[in-house]
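J.: Here it is, the structure in full.
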Amino acid sequence: MLYDHIVFPGAVEEIVDEMSMSMGDLQSKGNASSGAGKNVEVDWYGGGYVSNIEENVYYYFKRANSLNFGYDISYTEAVRWEKYSKGGSYSVRKELNHFYQNHLDRKLVAVVNMNDPFDPKERGGNIVLYESTRKRTSLDDIFYQKKGAIAVFNVFTGYEIEEVKCEEGLSYLFCFCVGDKWR
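For reference, each letter of the sequence shown is one residue, going 3 to 185 in our numbering.
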């Protein structure tokens, strides 16, 4: 692996508002997720449920995969919309806990910045990736500077969202891309 994550600045900026409205009108398939969270509202969608979003993000999954990961990926499995209020955070999340994977059929995670440009040092909400060695890496700053930016990383990387400090809160859309064996 060349990089721990890849950021596509402003990749889906033109459809972020449409994405928020369409998901806001749909009933969530659930609200569970791994890790310890506080002050966060979680909604799951997927399996063709939000096909426009899934297809747009999958294009960037394919680009990131060909640049960096080289996994057998075939579709976007699900999306999870997380809305953090002031004081909200998530810690010790590792999606690997939910899916058995071998070296050929792994899973990639993408996160979409649904917010207007912001500085995570001031407003909080910084996304930190960490490896099994516990090496910690914050997402590149450009991710927070462009609404609609997409960051793609390996599912074997754990991640957390640091405490949100701003009154208006923050919103992220996590997307999960899997190989054909999950169909």
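Think of the CB as a built atom: it goes at the ideal place given N, C-alpha and C, for glycine as much as any other residue.
Quick caveat, the model's predicted, so the values are computed rather than measured.
Looking at C-alpha atoms only, which residue of A151, S140, E84, F155 is the closest neighbour of G26?
T.: When only C-alpha atoms are compared, the closest one is E84.
J.: Could you check whether C168 and A112 sit closer than 7 Å to each other, using their CB atoms as the reference points?
T.: Cβ atoms of A112 and C168: not closer than 7 Å.
J.: Can you check which of these residues, E16, P11, I163, is closest to I55 by C-alpha distance?
T.: When only C-alpha atoms are compared, the closest one is E16.
J.: Could you check whether V14 and N41 sit closer than 7 Å to each other, using their CB atoms as the reference points?
T.: Not in contact: N41 and V14 (Cβ atoms no closer than 7 Å).
J.: Is it the case that the Cβ atoms of R138 and Y146 are separated by a distance below 7 Å?
T.: Contact: no.
J.: What separation, rounded to the nearest whole angstrom, lies between the Cα atoms of F101 and L110?
T.: Interpretation of F101 is limited by its pLDDT of 46, a score under 50 that renders its predicted location unreliable; the figure taken from the coordinates is listed afterwards. So the alpha carbons of these two residues sit roughly 12 Å apart.
J.: Note down, in chain order, each residue of its chain lying with its Cβ closer than 8 Å to the Cβ of S173, except the 5 sequence neighbours on either side.
T.: Closer than 8 Å at the Cβ level, and outside the excluded window around S173, lie S22, W83, E84, K85, Y86, M116, N117.
J.: Less than 7 Å between the C-beta atoms of Y5 and N70, yes or no?
T.: Yes, the pair counts as a contact, with Cβ atoms nearer than the cut-off.
J.: Between the C-alpha atoms of L141 and V81, what's the straight-line distance to the nearest angstrom?
T.: In a straight line, the C-alpha of L141 is about 19 Å away from that of V81.
J.: Cα separation between Y77 and S91?
T.: If I take the Cα positions, the gap works out to 29 Å.
J.: Report the option in E20, A38, E79 whose CA atom is closest to the CA atom of Y47.
T.: The residue with the shortest Cα to Cα distance from Y47 is E79.
J.: Which same chain residues, not among the five before or five after V166, have their C-beta less than 8 Å away from its C-beta?
T.: Counting only Cβ-Cβ distances below 8 Å, and skipping sequence neighbours, we find N41, Y86, S87, K88, G89, G90, S91, R125, G126, G127, L172.
J.: What residues in its chain sit with their C-beta under 7 Å from that of Y60, if we drop five residues either side in the sequence?
T.: If we look at Y60 and ignore the five residues flanking it on each side, its Cβ neighbours are Y77, T78, C179.
J.: If you follow the alpha helix (DSSP H) that N54 is part of, which residue opens it and which one closes it?
T.: First-last of the alpha helix (DSSP H) with N54: 53 to 66.
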